[in-house]
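Engineer: Could you have a look at this structure, given as structure tokens, before my questions?
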Amino acid sequence: MSLARQVAQLLVVPVSARLGSQSPPREILKRLIQEVGIGGIWLTDGHVAEALLLIEEAQSWAALPLLVAAEAGRGLALQGATSFPHPLGLSRLGSEAERWAEQWGRITAREAAAIGINWLLNPVAEPLGELALAEDPLSALQLARAFVRGCEQAVPEGILTTASSFPGKGGFKSVQAGAERVPAALAGRRPKAADIPWCPRLSLTPAQLQEGPWLPFRGLVEQVGAILVSHVVLPEWDERWPVTLLPGRLTQLLRQEWGFGGLIVVDSLDQGFLAELAVRVSGTESFPNSLAVRAFQAGADLILTPPDPTASLAAVLEAVQQGSLSTDQLAQSVTRVLRAKQRLLPAASALLQQVWPALAETDFSTVGGWMGARDPTDPALNRGSPAEQLKPLLLGDPISKDKDSVPRTRTALGKLFNRRSHLTSALHRAAQLGSLLAEKDIAPCQAAMARGGVEGGRPLGPPAEPGWLNWIWQDPPLGAADVQLQSPALHVPAALGMLPVLSDALTPLPWLEAALNNAPGFIFQGFLRDPLPNYVLDWLQQHRERVAAVVIYGNLSLYRRLQAHFPWANAIHSLNRDPWAQAEVMGRLFPNRSPSEGSKSHVAQPTIKKK
């Protein structure tokens, strides 16, 4: 395996499974897999049926088995797969939490395996992340471990799970160039503001992070096969470059201090602020292609979304020639990547060993760590090892200027991997997936997570007089799929005689005020991503004697502010906006009612009274 093909194995390209989008175009993807020899693909969107077809075609192009990644923060990020409520609700389920986290992992992993996905970019290990499992580090660790256990139980040969996303956003600051960004202790070596584009930053010190937000990551080094590292600046390490691009930093912390033997994966390098930073530092437009070089120097094994795969590969090869990047280090990363494929596809193990002699025959069930990389002499560990252990078989450069001189079908790799008995057909996987999507254990898990996602609220009875309103505010504007005619948030209050008033930021204010001023009382339900307009908050405050309940779907920070500023409100919050969550909210507010009981609204109940 040539050096070019070794480097290509460390690149992962994002792919849309949508048949109509063709991103990247299929002929380009085929060249990247077949001629360049990239190590994996990352499914970003599409339907499960489209993903089945794409994966089978992509694997047929590959000389070596591909890693196939997908995000699974709320179930697989593909249409047609099982979708789950926000996982933060798990941490509120008390003694049931780990049981349901494990079940969620089982369901997600078995669907992934049926589709052909062998790598999940989850669980989210950082507390308070966008799809965090918990708000405190210890709970996040326990639930992440439960999720991984469920994945391992569902897929006997193992599925690659990822602790995401290190170093987290605890103490996160979003700053622009020129803003205060560096602790006083670092002010003496602070660079010019013009050299620093926008970049996410952590305000906590490494010692504070080790004691808090990094606890889940460190606790998962034995369970997960990968850690995903995002582009975040830690000022005590460097004021300009994120941790993903600091030479030796990831190796020192994750490998040498924490003893992690799995894959270090660097997040997408095609983000605009990284290119801006690279151009400002180097003064040349071509420098962004060298971001991959810095990522490997930092200690990365895999790169998600290099800006231009072939240009990034060329930049890495040039860095090796110039001596700024070690071939031994790259070979150790290749060993880790192929070791992961060896565990995921046991039937291909013998073939992988022929290509890469550093791979030993390993019984992964009897060794520590996801890939068994715990022996200091193991070539998969970046702590130095005999060069002979890392010596590959040289099978020719797949990127040949004269392609006709070495036909693809005649190369040693082409002959070696012509047999694909370890890959199941798309038809078989489709039949398996269809049966899995109908399993009875899915709905109870969804319901439990939705239940945990709701907090606050006091029970209400039916209105004591006619004319009460159900005021629903939607952001983004109306037309979103959150509220339909049969949605519990609309149907349950209607069954109790509350007329709906649907509004958004484009609703004329005089019309809205006229409708609300004539009502003896109402409940307010906000389906929110952005904060509520000030005039809505002012109106709720001024007419609080007529507000029976305030429900916030989604925006947790707004709910926390409402609790602080509206202590009088009967406030209830749901992390989710889907029908499961709406039914749970309505059950909290109207525990003696259900959508089917609208005809019984005359039965005497404790009632909402005008204050």
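Quick note on numbering: the sequence shown equals residues 1234 to 1844 in my numbering. A virtual CB, placed ideally from N, CA and C, is assigned to each residue, including glycine.
Can you check which of these residues, Leu1822, Pro1695, Ser1249, is closest to Ala1310 by C-alpha distance?
Structural biologist: Along the sequence shown, one-based indexing puts residue 1310 at 77. Minimum Cα distance to Ala1310 is reached at Ser1249.
Engineer: With a Cβ-Cβ cutoff of 9 Å, do Leu1745 and Val1784 count as a contact?
Structural biologist: Locating residue 1745 in the sequence shown gives position 512, counting from the first residue. Locating residue 1784 in the sequence shown gives position 551, counting from the first residue. No, the pair does not count as a contact, with Cβ atoms beyond the cut-off.
Engineer: Measure the alpha-carbon distance for Ile1632 versus Val1549 and round it to whole angstroms.
Structural biologist: Locating residue 1632 in the sequence shown gives position 399, where the first residue counts as 1. Locating residue 1549 in the sequence shown gives position 316, where the first residue counts as 1. Because Ile1632 sits at a pLDDT of 43, beneath the cut-off of 50, its placement in the model cannot be relied upon, and the following sentence gives the value as read from the coordinates. Distance between the alpha carbons of Ile1632 and Val1549: 14 Å.
Engineer: Going by beta-carbon coordinates alone, are Gly1273 and Arg1251 separated by less than 9 Å?
Structural biologist: Counted from its first residue, the sequence shown places residue 1273 at position 40. Counted from its first residue, the sequence shown places residue 1251 at position 18. Taking 9 Å as the Cβ cut-off, Gly1273 and Arg1251 do not qualify as a contacting pair.
Engineer: To the nearest angstrom, how far is it from the Cα of Pro1625 to the Cα of Gln1587?
Structural biologist: Along the sequence shown, one-based indexing puts residue 1625 at 392. Along the sequence shown, one-based indexing puts residue 1587 at 354. Because the pLDDT at Pro1625 is just 48, under 50, the model does not fix this residue reliably, and the value given afterwards should be weighed accordingly. Answer to the nearest angstrom: the Cα atoms are 9 Å apart.
Engineer: Determine, using beta carbons only, whether Val1245 and Ile1271 come nearer to each other than 9 Å.
Structural biologist: Within the sequence shown, numbered from 1, the residue matching residue 1245 stands at position 12. Within the sequence shown, numbered from 1, the residue matching residue 1271 stands at position 38. Closer than 9 Å, so yes.
Engineer: Can you tell me where the beta strand (DSSP E) with Gln1758 in it begins and where it stops?
Structural biologist: By one-based count along the sequence shown, residue 1758 stands at place 525. Gln1758 -> beta strand (DSSP E) spans 1755-1760.
Engineer: Among residues of its own chain, excluding the 5 on either side of His1806, which ones have a beta-carbon nearer than 6 Å to its beta-carbon?
Structural biologist: Reading the sequence shown from its first residue, position 573 is the one you call residue 1806. The answer, listed in chain order, is Glu1688, Gly1689, Ile1785, Tyr1792.
Engineer: Specify whether the segment 1664-1684 and the segment 1365-1374 touch according to this definition: at least 3 beta carbon pairs, one from each stretch, less than 8 Å apart.
Structural biologist: No: the two stretches stay apart, fewer than three of their Cβ pairs being nearer than 8 Å.
Engineer: Leaving out the 5 sequence neighbours to the left and right, which residues in its chain are closer than 6 Å to Pro1247 when beta-carbon positions are compared?
Structural biologist: Here residue 1247 is taken as the residue at index 14 of the sequence shown, counted from 1. Excluding residues within five positions, the ones whose Cβ falls inside 6 Å are Trp1275, Thr1277, Thr1538.
Engineer: Report the residue from Arg1259, Ser1256, Ile1261, Glu1268 whose alpha carbon sits nearest the alpha carbon of Ser1235.
Structural biologist: The count along the sequence shown starts at 1 and reaches residue 1235 at position 2. The residue with the shortest Cα to Cα distance from Ser1235 is Glu1268.
Engineer: Whole-angstrom Cβ separation of Arg1569 and Asp1534, contact assumed at under 8 Å?
Structural biologist: Against the sequence shown, residue 1569 aligns to sequence position 336. Against the sequence shown, residue 1534 aligns to sequence position 301. With 8 Å as the limit, Arg1569 and Asp1534 qualify as a contact, their Cβ atoms being about 5 Å apart.
Engineer: By DSSP, does Thr1438 sit in helix, in strand, or in coil?
Structural biologist: Taking the first residue of the sequence shown as position 1, residue 1438 is located at position 205. Three-state result, Thr1438: coil.
Engineer: Name the residue from Leu1374, Trp1706, Ser1598, Trp1772 whose alpha carbon lies nearest to the alpha carbon of Asn1788.
Structural biologist: Working through the sequence shown from its first residue, we reach residue 1788 at position 555. Looking at the Cα atoms, Trp1706 is the closest of the given residues.
Engineer: Taking just the CA atoms, how far does Pro1433 sit from Glu1472?
Structural biologist: Residue mapping note: residue 1472 aligns to position 239 of the sequence shown, counting from 1. Residue mapping note: residue 1433 aligns to position 200 of the sequence shown, counting from 1. Approximately 11 Å between the Cα atoms of the pair.
Engineer: Ordered along the chain, which non-local residues of its own chain (more than five positions away) have a Cβ less than 7 Å from that of Val1457?
Structural biologist: Translated into positions along the sequence shown, residue 1457 becomes position 224. If we look at Val1457 and ignore the five residues flanking it on each side, its Cβ neighbours are Val1381, Thr1394, Thr1395, Ala1396, Gly1495, Trp1603.
Engineer: Over what stretch of residues does the alpha helix (DSSP H) that includes Val1725 continue unbroken?
Structural biologist: Within the sequence shown, the letter at position 492 stands for residue 1725. Here the alpha helix (DSSP H) through Val1725 covers 1721-1728.
Engineer: Enumerated in chain order, which unbroken segments of the alpha helix (DSSP H) with a length of 4 residues or greater are wholly contained in the segment 1471-1557?
Structural biologist: Segments of the alpha helix (DSSP H) lying fully in the segment 1471-1557: 1505-1515, 1524-1531, 1542-1555.
Engineer: Per DSSP, which residues does Pro1247 bridge with? Please list them.
Structural biologist: Walking along the sequence shown from the start, residue 1247 turns up at place 14. Answer by DSSP bridge pairing, in chain order: Trp1275.
Engineer: Roughly how far, in whole angstroms, is the beta-carbon of Gln1239 from the beta-carbon of Ala1564, given that I think they are within contact range, below 8 Å?
Structural biologist: The sequence position of residue 1239 within the sequence shown is 6, counting from 1. The sequence position of residue 1564 within the sequence shown is 331, counting from 1. About 7 Å separates the two Cβ atoms, so the contact holds.
Engineer: For a quick check, are the C-beta atoms of Ile1350 and Ala1303 less than 9 Å apart?
Structural biologist: Residue mapping note: residue 1350 aligns to position 117 of the sequence shown, counting from 1. Residue mapping note: residue 1303 aligns to position 70 of the sequence shown, counting from 1. Yes.
Engineer: By DSSP's criteria, Tyr1786 is part of a beta bridge. Which residues make up the other side?
Structural biologist: Sequence index remark: in the sequence shown, residue 1786 carries index 553 (1-based). Phe1760, Ser1807.
Engineer: Check Glu1688 in the structure and name its three-state DSSP category.
Structural biologist: For the purposes of this step, residue 1688 is taken as the residue at position 455 of the sequence shown. Glu1688 falls in the strand class under three-state DSSP.
Engineer: What would DSSP say about Ala1396, mapped onto helix, strand or coil?
Structural biologist: Position 163 of the sequence shown holds residue 1396. Strand at Ala1396.
Engineer: Out of curiosity, what's the CA-to-CA distance linking Gly1532 and Leu1461?
Structural biologist: As a first step, residue 1532 is located in the sequence shown; it is residue number 299 there, counting from the start. As a first step, residue 1461 is located in the sequence shown; it is residue number 228 there, counting from the start. Whole-angstrom Cα-Cα distance: 12 Å.
Engineer: Under a Cβ-count criterion, where at least 16 other Cβ atoms within 10 Å of its own Cβ denotes burial, should Arg1451 be classed as buried or exposed?
Structural biologist: The count along the sequence shown starts at 1 and reaches residue 1451 at position 218. Counting Cβ neighbours within 10 Å, Arg1451 comes out buried, since at least 16 surround it.
Engineer: Spatial neighbours of Ser1322 within its chain, please: C-beta separation below 6 Å, excluding the five flanking residues on both sides.
Structural biologist: For the purposes of this step, residue 1322 is taken as the residue at position 89 of the sequence shown. According to the sequence as given, residue 1322 is Gly; it is not Ser. Excluding residues within five positions, the ones whose Cβ falls inside 6 Å are Met1682, Gly1685, Gly1686, Leu1808.
Engineer: Do you know how far the Cα of Asp1674 is from the Cα of Ala1591?
Structural biologist: In the sequence shown, counting from the first residue as 1, residue 1591 sits at position 358. In the sequence shown, counting from the first residue as 1, residue 1674 sits at position 441. Going from the Cα of Ala1591 to the Cα of Asp1674 covers about 42 Å.
Engineer: Using the beta-carbon count (16 or more within 10 Å), is Asn1750 buried or exposed?
Structural biologist: As a working mapping, residue 1750 is identified with position 517 in the sequence shown. With fewer than 16 Cβ atoms within 10 Å of its Cβ, Asn1750 is classed as exposed.
Engineer: Taking the Cβ atom as the reference point for each residue, do Leu1299 and Leu1666 lie within a distance shorter than 9 Å?
Structural biologist: To locate residue 1299, count along the sequence shown from 1; it is residue 66. To locate residue 1666, count along the sequence shown from 1; it is residue 433. Their beta carbons are not under 9 Å apart, which means Leu1299 does not touch Leu1666 by this criterion.
Engineer: Identify, in the order they occur along the chain, each residue of the same chain with its Cβ nearer than 8 Å to the Cβ of Phe1799, setting aside the five sequence neighbours on each side.
Structural biologist: Translated into the one-based positions of the sequence shown, residue 1799 becomes position 566. Here the set comprises Leu1773, Gln1774, Arg1777, Val1783.
Engineer: Does DSSP put Gly1667 in a helix, a strand or coil?
Structural biologist: By 1-based counting over the sequence shown, the position of residue 1667 is 434. If DSSP states are grouped into helix, strand and coil, Gly1667 belongs with the helices.
Engineer: Apart from the five residues on each side of it in sequence, which residues of its chain come closer than 8 Å, Cβ to Cβ, to Ala1659?
Structural biologist: Along the sequence shown, read from residue 1 onward, the residue named residue 1659 stands at position 426. So the qualifying residues of the chain are Leu1285, Leu1286, Ile1288, Glu1289, Gly1349.
Engineer: Considering only residues of the same chain and omitting the five flanking positions on each side of Ser1720, which have a CB-CB separation below 8 Å?
Structural biologist: Translated into the one-based positions of the sequence shown, residue 1720 becomes position 487. Excluding sequence neighbours, Ser1720 sits near Pro1812, Gln1815.
Engineer: Assuming Gly1401 contacts Arg1339 under a Cβ cut-off of 8 Å, what Cβ separation, rounded to an integer in Å, is found between them?
Structural biologist: Residue numbering aside, residue 1401 sits at position 168 when the sequence shown is read from its first letter. Residue numbering aside, residue 1339 sits at position 106 when the sequence shown is read from its first letter. The Cβ separation is near 26 Å, so there is no contact.
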